[in-house]
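For reference, the structure is listed below as structure tokens.
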Amino acid sequence: MAQDGCLRLHLQRTLDGLCPVVFRELTDPRELARWWGPDGFTIPSVESDLRPGGAYRIAMQPPEGALFHLVGEYIEVEPPVGLSYTFRWEDPDPEDRETVVTLSLHDIDTARSELVLDQGDFTTERRRALHEEGWSQSLGKLGELLAAPLD
Numbered sequence: 007m008a009q010d011g012c013l014r015l016h017l018q019r020t021l022d023g024l025c026p027v028v029f030r031e032l033t034d035p036r037e038l039a040r041w042w043g044p045d046g047f048t049i050p051s052v053e054s055d056l057r058p059g060g061a062y063r064i065a066m067q068p069p070e071g072a073l074f075h076l077v078g079e080y081i082e083v084e085p086p087v088g089l090s091y092t093f094r095w096e097d098p099d100p101e102d103r104e105t106v107v108t109l110s111l112h113d114i115d116t117a118r119s120e121l122v123l124d125q126g127d128f129t130t131e132r133r134r135a136l137h138e139e140g141w142s143q144s145l146g147k148l149g150e151l152l153a154a155p156l157d
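Residue numbering for the sequence shown follows the numbering used here, starting at 7 and increasing by one per position.
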């Protein structure tokens with residue numbers, strides 16, 4: 007994950023659903039609140055001004071402990087294939103700094119798409135690993151949601 011001495015996170019996932027469906031899951035506040043966050047977390051609120059320069063704020067409630075917030079600004083919004091934004095914690099850990107998340111989508115076939123996530127640069131391997139775990143669990147929940155039969 008190190009590139010030119012930088013600590014970066016790179017994940018790829020195949021998801022049921024074409025790019026417009028997955029893009030909506032990634033950007034619609036109601037949908038995002040259904041799958042965002044590590045296992046056991048709930049998302050009481052998502053505020054989003056989905057446009058370049060627009061801000062977002064996600065309230066995250068861990069199973070134990072106090073509510074905290076993730077905030078940032080959208081850099082690029084390219085429906086239905088791309089999204090880029092800054093990512094920072096309110097009241098960050100001393101090892102945290104603002105990172106940039108880039109999400110790219112492309113259709114694989116008539117029913118599935120691939121999501122490619124890139125995030126960085128992290129200050130420590132410990133923080134990169136923490137984000138990898140959180141994203142992996144979140145994207146796992148997104149995959150289950152998209153694979154579930156419609157009622």
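Every residue gets a Cβ at the ideal spot worked out from N, C-alpha and C, and that includes glycine.
Own chain residues within Cβ distance below 7 Å of residue i, not counting five before or after
i	result
GLU150	none
ALA39	ILE49 and VAL52
ASP127	CYS12, LEU13, ARG14 and THR105
ASP10	The pLDDT assigned to ASP10 is 49, lower than 50, so where the model puts this residue is not dependable; a value taken from the coordinates is nonetheless given after this. For ASP10, where only same-chain residues beyond five positions count, there are no Cβ hits under 7 Å.
Among the options, nearest to residue i - alpha-carbon criterion
i	options	result
LEU89	GLU96, TRP95 and ILE81	ILE81
PRO86	ASP124, GLY71, ASP113 and GLU138	ASP113
LEU152	PHE128, SER54 and ALA117	ALA117
PRO69	GLY43, LEU145, ALA61 and GLU84	GLY43
ALA61	VAL83, ARG133 and ARG36	VAL83
ASP45	ARG36, SER144, PHE74 and ASP55	SER144
LEU73	SER142, ASP97, GLU120 and GLU138	ASP97
ASP115	GLY140, GLY23 and GLN18	GLY23
ARG36	ILE64, GLU120, GLU101 and TRP141	ILE64
GLY71	PHE47, SER54, TRP41 and THR129	PHE47
GLU131	TYR91, GLY146 and ASP102	ASP102
LEU121	TRP41, LEU156 and LEU148	LEU148
LEU56	THR20, TYR91 and GLN18	TYR91
MET66	ARG19, GLY140 and THR20	GLY140
Beta-carbon contacts of residue i that lie in its chain and below 8 Å, excluding the five residues immediately before and after
i	result
GLU93	It is worth fixing the name first, because residue 93 is Phe in this sequence and not Glu. LEU76, GLY78, GLU104, THR105, VAL106, VAL107 and GLN125, listed in sequence order.
PRO26	PRO85 and PRO86
Residue(s) in a DSSP beta bridge with residue i
i	result
ILE49	Note: ILE49 sits in no beta bridge, so no partner.
CYS25	Bridge partners of CYS25: none, in fact.
GLU120	THR20 and HIS112
GLN125	LEU15 and VAL107
LEU240	Because the chain spans 7 through 157 in this model, residue 240 falls outside it and cannot be assessed.
SER54	TYR62
Spatial neighbours of residue i in its chain, beta-carbon cut-off 6 Å, leaving aside the 5 residues before and after
i	result
TRP16	In the sequence as displayed, the identity of residue 16 is His instead of Trp. Answer for HIS16: ASP124, listed in chain order.
ARG134	LEU13, LEU15 and PHE128
GLU138	LEU15
Proximity test, Cβ basis, 8 Å: residue i and chain B
i	result
PRO50	This model lacks chain B altogether, as it is built from one protein chain only.
>> For the stretch 17-37 against the stretch 106-121, do three or more pairs of beta-carbon atoms, one drawn from each stretch, fall closer than 8 Å, so that the two count as touching?
In response: yes
>> Going residue by residue through the stretch 80-112, where are the continuous beta strand (DSSP E) segments of at least 3 residues, counting only ones entirely within it?
In response: 88-95
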